[in-house]
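*Asks:* Below is one structure. I have some questions about it.
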Amino acid sequence: MGATNCPETPRQKMIGMMYLVLTAMLALNVSKDIIEAFSLVDDTMVSSTANTIAKNESDYSWLQAQKVILGAEKVKDAEQKANTLKQKTEALIAQIEEIKKGLIIYVDKKYEDKDGNPKTVATIDSKDERSKPTVYMIEQGNASKMKEAIIKYKAEILSLVDDPNQRAAMEKTIGLNVEQTFQGEKGEKTQTWEEHNFYDVIMSAAVTLINTTEGEVRNAESKMLEYIKSSISASDFKFDNVSGRAIPNSRMVFTGDKYVADIIVSAYDTKSTPKVYYKTGVDTLRESDIPSATELEGENGLVRLELGAGGLGEQRYAGLIKIKAPDGTDKFYSFSDRYMVVKPSATISAEKMNVLYAGIANPVSVSAPVAPDQLSVNFPGCGVTRAEAGKFNISVPASLIGKTVEATVSANTGGKTQAMGSTTFRVKRVPDPRATIGANIRGGKRSKGDLTANPFIRAAMGDDFAYDLKWTINSYQVIFIAKGYEEPPLTCTGANFSDAVKSKIAKSASGTTIIFTGIKASCEAGQRTLDEITVRLK
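Below is the structure:
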């Protein structure tokens with residue numbers, strides 16, 4: 226029931242694993258160990274939901290605190306939306322809890338355990354009962370009641386989003402997609418959300434699924450709270466909380482360059498037109514000092530300050546920001562800052578990362594106060610190729626993995642070679658790429674359509690790897706497991722599914738496990754065997 230077009234959250238991954246366990250339990254012979262495992266799954270879900278509830282309460286408290294900081298009028302709309310969200314959420318949770326209570330009473334005759342506490346999956350007596358949950362949830366219509374309540378709740382909270390485009394995006398984000406249909410066994414017919422979740426399931430699974438639904442409702446509440454919080458911007462702060470700030474582009478300035486800073490009115494209306502008075506060589510500036518100060522005028526709440534970087538060492542300045550208050554009076558806010566002027570020196574830096582990777586070309590830039598074509602670099606034990614002025618490609622052998630390389634830069638000036646500096650780099654092995662089916666399928670419960678629409682294996686580096694490496698899939702094997710029987714593996718050469726694999730997928734029944742294993746991929750860094758991918762057909 227999570228969002229369909231977003232990366233899976235840890236909660237959604239956990240729910241996916243739970244569904245795999247549930248599918249395995251639908252066999253006629255369900256072991257006691259597997260049934261008891263539902264207690265662990267349910268405990269994890271309840272704990273995760275409790276964490277979400279705590280976060281939501283913190284967000285509600287934050288919204289209340291803004292009334293003191295910003296004033297009640299400025300947070301009125303956000304407060305009303307938050308109150309409506311909380312009311313609708315608690316009402317839905319109460320309705321789901323009532324259905325769960327009725328289910329436990331219908332199956333176990335009592336709602337409380339021996340200690341007088343509401344029963345959980347761990348304390349239910351009839352954990353493996355499968356006919357009564359179906360009667361209560363499906364035949365008596367309680368699953369449909371829960372579905373209708375969720376549909377109504379989703380529509381009500383989405384109405385809190387004013388912008389239609391944001392509303393459409395939020396609909397995908399909050400999930401609760403109970404109106405979708407699911408593929409039935411062997412593709413005979415589609416199933417409703419009620420049938421897919423509560424038809425012919427054991428009692429442990431039914432209660433776990435209800436608790437999972439409550440968790441998804443709390444998650445939707447959390448996403449809506451994030452939206453409501455984002456509607457309160459920094460420009461809403463009251464004037465008496467405003468302070469002046471100087472934000473420099475850099476406090477390290479080379480001789481001959483300029484010190485550049487933005488002078489802003491923090492959290493003030495951007496329609497204001499502030500004036501700034503500043504003086505160098507001082508730590509404070511008083512209103513009486515304004516006649517001897519330099520005046521700057523800005524617009525949209527922003528003034529740009531530029532100071533020449535003449536002398537070396539620490540430089541300081543201070544000033545005042547003059548703002549016209551709503552009552553027509555002038556208000557002054559002070560600011561001050563310091564910056565350092567230093568001589569330039571040579572630096573060596575990896576353009577992509579602060580490391581060198583063995584087996585690939587590592588682009589490196591070198592800068593110094595001389596013409597780029599006068600520079601040369603030395604990386605002991607490595608191959609160095611000049612790409613363009615000031616830029617080099619460094620090839621590192623695998624024998625240096627885990628070691629360091631001290632790179633030096635020198636300049637040829639007037640026929641004389643001058644050492645400019647050195648930097649030490651760490652050498653690492655290129656990490657393994659991540660294998661996926663199509664663009665992003667990593668496993669889990671998938672339909673045949675998901676696989677036939679993405680009939681190939683892809684390997685790509687993670688988002689935290691800056692190099693643009695192109696991996697080629699050389700080969701892999703596909704294993705089909707149906708009803709506990711593992712068939713001989715099918716071998717594919719290249720990235721695309723073979724005709725035999727495509728045909729086997731088309732003929733496989735719901736519940737079939739498909740394992741893509743022995744995935745071999747290669748790039749300039751060499752060949753790797755990647756982690757297998759396991760999917761289960763819906």
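Note that our numbering gives residue 274 to position 49 of the sequence shown, counting from 1, and the numbers run on in steps of one. Using N, Cα and C, we set each Cβ at its ideal position, and we do this for glycine too.
Let me know the secondary structure DSSP gives Asn603 once reduced to three states.
*Replies:* Strand at Asn603.
*Asks:* In whole angstroms, give me the CA-to-CA distance for Ser624 and Val726.
*Replies:* One C-alpha to the other measures close to 40 Å.
*Asks:* Closer than 6 Å by C-beta to Val621: which residues in its own chain qualify, once you throw out the five before and the five after it? Chain order, please.
*Replies:* Result list for Val621: Leu581, Ala583, Cys607, Val652, in chain order.
*Asks:* Considering Cα atoms alone, identify which of Gly366, Ile294, Asp268, Gly674 is closest to Leu434.
*Replies:* Closest by alpha carbon: Asp268.
*Asks:* Find the nearest neighbour of Asp693 within the set Arg667, Glu749, Asp724, judged by alpha-carbon distance.
*Replies:* Of the candidates Arg667, Glu749, Asp724, the one whose C-alpha sits nearest the C-alpha of Asp693 is Glu749.
*Asks:* With respect to the beta strand (DSSP E) encompassing Leu762, which residues constitute its N-terminal and C-terminal limits?
*Replies:* 758-762 is the extent of the beta strand (DSSP E) around Leu762.
*Asks:* Within the same chain, show all residues whose beta-carbon is closer than 8 Å to that of Ser733, passing over the 5 residues directly before and after it, in chain order.
*Replies:* If we look at Ser733 and ignore the five residues flanking it on each side, its Cβ neighbours are Lys673, Phe705, Ala707, Ile739, Leu762.
*Asks:* Measure how close the beta-carbons of Ala586 and Pro597 come, nearest whole angstrom, since I'm counting them as under 8 Å.
*Replies:* Wrong, their Cβ atoms sit about 19 Å apart, outside the cutoff.
*Asks:* If you reduce the DSSP assignment to three classes, tell me which class Gly736 lands in.
*Replies:* Looking at Gly736 - three-state DSSP - the assignment turns out to be coil, as it is neither helix nor strand.
*Asks:* Consider the Cβ of Val591: report whether some Cβ of chain B lies at a distance smaller than 8 Å.
*Replies:* Here chain B cannot be found, since the structure has a single protein chain.
*Asks:* Going along the chain, which residues of its own chain have a beta-carbon closer than 8 Å to the beta-carbon of Leu317, five neighbours each way excluded?
*Replies:* Ala374, Ile375, Tyr378, Val442.
*Asks:* To test your reading of the DSSP string, which unbroken alpha helix (DSSP H) runs of 4 or more residues are found completely within the stretch 328-405?
*Replies:* Fully enclosed alpha helix (DSSP H) runs of 4 or longer: 356-359, 367-383, 389-399.
*Asks:* Just reading off the alpha helix (DSSP H) that Ala431 is part of, what are its end residues?
*Replies:* Its alpha helix (DSSP H) spans residues 428-455.
*Asks:* Whose C-beta lies closer than 7 Å to the C-beta of Thr642 among residues of the same chain, with five residues either side of it excluded?
*Replies:* Cβ within range, chain order: Ser635.
*Asks:* Quick check on the DSSP output: the alpha helix (DSSP H) that includes Phe423 runs from which residue to which?
*Replies:* Phe423 -> alpha helix (DSSP H) spans 418-423.
*Asks:* Helix or strand or just coil, what does DSSP make of Tyr285?
*Replies:* Residue state, collapsed to three classes: helix.
*Asks:* Tell me whether Asn665 sits in a helix, a strand or coil according to DSSP, three-state version.
*Replies:* Three-state result, Asn665: coil.
*Asks:* Got a sec, what are the start and stop residues for the alpha helix (DSSP H) Thr677 sits in?
*Replies:* Where Thr677 is concerned, the enclosing alpha helix (DSSP H) stretches over 673-677.
*Asks:* Name the residue from Thr629, Val589, Gln320 whose alpha carbon lies nearest to the alpha carbon of Ile619.
*Replies:* Comparing Cα positions, the closest option is Val589.
*Asks:* By the three-class DSSP mapping on this structure, what secondary structure does Asn637 have?
*Replies:* Strand.
*Asks:* What's the C-alpha gap between Glu298 and Glu304?
*Replies:* Taking the straight line joining both Cα atoms gives about 10 Å.
*Asks:* Can you confirm whether the stretch 348-363 touches the stretch 400-408 when touching is taken to mean that 3 or more C-beta pairs between the two stretches lie within less than 8 Å?
*Replies:* In short, these stretches do not touch, since the Cβ pair count stays below three.
*Asks:* Have a look at Glu631, Gln752, Lys454 and flag the residue whose alpha-carbon is nearest the alpha-carbon of Ser700.
*Replies:* The shortest C-alpha separation from Ser700 is found at Gln752.
*Asks:* Using DSSP with H/G/I as helix, E/B as strand and the rest coil, what is Ile585?
*Replies:* The answer is coil: DSSP assigns Ile585 none of H, G, I, E or B.
*Asks:* What residue from Asn444, Ile453, Pro343, Asn579 has the CA that sits closest to Arg392's CA?
*Replies:* Here the closest residue by C-alpha is Ile453.
*Asks:* For the beta strand (DSSP E) holding Phe617, just list the boundary residues, first then last.
*Replies:* Taken as a continuous stretch (DSSP letters only), the beta strand (DSSP E) holding Phe617 covers 616-620.
*Asks:* Let me check understanding here. Comparing Cα to Cα, which of Phe617, Thr610, Phe650, Arg654 lies closest to Ile626?
*Replies:* Minimum Cα distance to Ile626 is reached at Arg654.
*Asks:* Please state whether the Cβ-Cβ distance between Asp688 and Leu755 is less than 8 Å.
*Replies:* In this structure, Leu755 does not lie closer than 8 Å to Asp688 by Cβ.
*Asks:* Bridge partners for Pro741 per DSSP, in chain order?
*Replies:* The question names Pro, yet the displayed sequence has Phe at residue 741. Val703, Ile758.
*Asks:* Spatial neighbours of Lys313 within its chain, please: C-beta separation below 7 Å, excluding the five flanking residues on both sides.
*Replies:* Cβ neighbours of Lys313 beyond the five flanking positions: Tyr378, Glu381, Ile382.
*Asks:* Look up Lys653 in the DSSP assignment and give the residues it is bridged to.
*Replies:* Tyr582, per the DSSP bridge assignment.
*Asks:* For Leu532, which of helix, strand or coil comes out of DSSP?
*Replies:* Strand at Leu532.
*Asks:* Using 10 angstroms around the beta-carbon of Asp562, count the other beta-carbons present and answer buried if the total reaches 16, otherwise exposed.
*Replies:* By the 10 Å Cβ count, Asp562 comes out buried.
*Asks:* Straight-line CA distance for Phe690 to Ala347?
*Replies:* The straight-line gap from Cα to Cα measures roughly 44 Å.
*Asks:* Kindly indicate which three-state DSSP category Ser723 falls into: helix, strand or coil?
*Replies:* Here Ser723 sits in coil by DSSP.
*Asks:* Leaving out the 5 sequence neighbours to the left and right, which residues in its chain are closer than 8 Å to Glu512 when beta-carbon positions are compared?
*Replies:* Answer for Glu512: Leu545, Phe557, listed in chain order.
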